[in-house]
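Peer 1: In the numbering used here, the protein residues as written are 14 to 409. The beta-carbon is built from N, C-alpha and C at its ideal position, and this holds for glycine as well. As the structure is a computational prediction, the values presented were derived from the model and not from experiment. Below you will find the structure I want to go over with you.
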Ligand SMILES: *Cc1c(COP(=O)(O)O)cnc(C)c1O
């Protein structure tokens with residue numbers, strides 16, 4: 014393979030793949046009648062809902078706004094409790110706080126790094142006794158590896174909570190032969206199209222559901238609480254020509270047609286992106302074998318979308334600290350990342366009363382792990398550089 018000069022540049026941990034066709038699709042929108050509220054948003058929504066097997070899809074201007082919208086659509090408000098994983102981006106948790114709810118964290122599984130259904134069940138037993146059951150639980154498919162949704166879904170029926178899957182990492186991932194987002198195990202699933210994710214719209218997100226009412230609520234929340242659907246409107250005088258009503262308090266969380274056009278084009282290459290990520294993962298699995306690290310574990314009932322490839326350092330067998338490994342890789346141009354610091358250790362959350370030691374698995378995970386470069390555009394040559402450098406840094 015010929016190496017282009019940028020293969021010698023720093024290698025990011027993640028990066029978008031943009032083709033000329035993607036660029037042309039965006040330019041076409043700029044030359045069209047609608048920059049927003051035109052045909053591209055519904056076309057993109059259709060493409061995602063068909064792909065994941067969901068009945069309704071509502072595009073948002075970010076996964077963060079989609080998570081907020083999802084909490085509101087499920088009725089989360091002041092006095093309610095929402096639980097999520099500590100091993101996630103802050104948005105999975107902030108969405109509950111936006112609604113005035115309280116948030117709490119369920120420790121992770123030591124193998125999958127996802128919210129542990131065992132810890133969840135224990136916590137539910139205690140919460141029931143205390144009369145503090147959550148209204149919504151937000152499992153996060155970390156790295157694109159599916160959570161144990163059968164177990165979480167079963168618990169939701171016993172303890173009466175709703176489920177929002179934060180699938181920001183996981184479009185294209187599969188669980189029990191279904192695509193994440195199929196709606197069999199949850200009320201709403203959220204995808205992110207931030208440039209580091211599987212497909213990108215620049216900024217963007219989407220909520221999918223099989224529940225028509227929830228779908229309608231999500232659409233209204235996205236657009237000021239306004240509806241123009243006749244059967245959602247209050248009765249109007251016969252001479253009224255105004256054609257919409259605001260019936261809830263919503264937001265402007267809409268995606269523009271410019272973003273949606275990019276998303277729609279990217280959907281055309283999603284299988285290609287996923288195949289490439291999976292073959293990069295297989296190659297890392299082989300090339301990094303035998304080093305003093307734990308490679309990502311795959312649950313047998315799932316197929317990961319490999320948004321991330323975290324390696325867990327056996328610090329007792331390495332003559333370097335996590336920070337030294339990180340620094341050595343960065344100075345070699347390998348821009349590894351730490352994903353994630355447990356959300357409750359963020360200063361804002363500590364000020365809410367959370368303390369170090371709260372979720373021990375999540376804390377030892379973040380003290381031992383780094384995420385190495387993983388994106389569809391990573392070349393074999395770049396991957397060789399990453400592998401070589403990791404060997405050197407860990408073994409000497
Ligand atoms: C990226 C991400 C989000 C937020 O996505 P945006 O589209 O950037 O708002 C939420 N949750 C997780 C797990 C993420 O990785």
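Just verifying my parser: in three-state terms, what is the DSSP assignment at residue 306?
Peer 2: strand
Peer 1: When you get a sec, list the residues whose CB is within less than 6 Å of any heavy atom of ligand 1, chain order please.
Peer 2: 75, 76, 77, 101, 102, 104, 105, 153, 179, 181, 182, 205, 207 and 218
Peer 1: How many Å lie between residue 15 and residue 396 at the Cα?
Peer 2: Because the pLDDT at residue 15 is just 47, under 50, the model does not fix this residue reliably, and the point stays unresolved.
Peer 1: Quick check on the DSSP output: the beta strand (DSSP E) that includes residue 154 runs from which residue to which?
Peer 2: Element bounds for residue 154: n/a, residue is neither H nor E.
Peer 1: Would you say residue 379 and residue 355 are within 9 Å of each other, going by their C-beta atoms?
Peer 2: Yes.
Peer 1: On the criterion of 16 or more Cβ atoms from any shown chain inside 10 Å, does residue 277 qualify as buried, or is it exposed?
Peer 2: buried
Peer 1: Can you tell me where the beta strand (DSSP E) with residue 250 in it begins and where it stops?
Peer 2: Element bounds for residue 250: n/a, residue is neither H nor E.
Peer 1: Looking at C-alpha atoms only, which residue of 97, 254 and 132 is the closest neighbour of residue 122?
Peer 2: 132
Peer 1: Check whether the segment 90-101 touches the segment 111-127, counting contact only when three or more Cβ pairs, one atom from each stretch, lie closer than 8 Å.
Peer 2: yes
Peer 1: Can you tell me whether residue 102 is buried or exposed? The criterion is at least 16 other CB atoms within 10 Å of its CB, across all chains shown.
Peer 2: Result: buried.
Peer 1: Is it buried or exposed, residue 60, if we count other Cβ atoms within 10 angstroms and call 16 or more buried?
Peer 2: buried
Peer 1: Does chain B have any CB closer than 9 Å to the CB of residue 267?
Peer 2: The chain inventory of the structure shown lacks chain B, comprising one protein chain alone.
Peer 1: Short check: CB of residue 85 to CB of residue 234, under 9 Å?
Peer 2: With respect to the 9 Å criterion, residue 85 and residue 234 are classified as neighbours on the basis of their beta carbons.
Peer 1: For residue 428 versus residue 364, is the C-beta spacing smaller than 9 Å?
Peer 2: Residue 428 is absent from the structure shown; the chain starts at 14 and stops at 409.
Peer 1: With distance defined between alpha-carbon atoms, name the residue in 43, 320, 373 and 42 nearest to residue 186.
Peer 2: Answer by Cα proximity: 320.
Peer 1: Provide the residue(s) that pair with residue 71 in DSSP beta bridges, ordered along the chain.
Peer 2: 220
Peer 1: Can you tell me where the beta strand (DSSP E) with residue 323 in it begins and where it stops?
Peer 2: 322-326
Peer 1: So, under 8 Å CB-CB, residue 39 and residue 275 are touching, yes? Tell me the CB distance rounded to an integer number of Å.
Peer 2: In this structure residue 39 touches residue 275 by the C-beta definition: roughly 5 Å separates them, less than 8 Å.
Peer 1: Going straight from the alpha carbon of residue 337 to that of residue 349, what length do you get?
Peer 2: Straight-line Cα distance between these residues: approximately 12 Å.
Peer 1: Pair every Cβ in the segment 206-221 with every Cβ in the segment 177-191, then say whether three or more of these pairs are closer than 8 Å.
Peer 2: yes
Peer 1: For residue 56, I'd like the list of residues in its chain whose CB is within less than 8 Å of its CB, leaving aside the five on either flank, ordered along the chain.
Peer 2: 273 and 277
Peer 1: For residue 158, is the classification buried or exposed, using 16 other Cβ atoms within 10 angstroms of its Cβ as the cut-off for buried?
Peer 2: Residue burial annotation: residue 158 is buried, with at least 16 other C-beta atoms found within 10 angstroms of its C-beta.
Peer 1: Closest to residue 392 by C-alpha separation, out of 290, 357 and 405, would be which residue?
Peer 2: 290
Peer 1: Starting from the C-beta of residue 146, find all residues in its chain whose C-beta is less than 6 Å away, skip the five residues before and the five after it, and write them out in chain order.
Peer 2: 140 and 172
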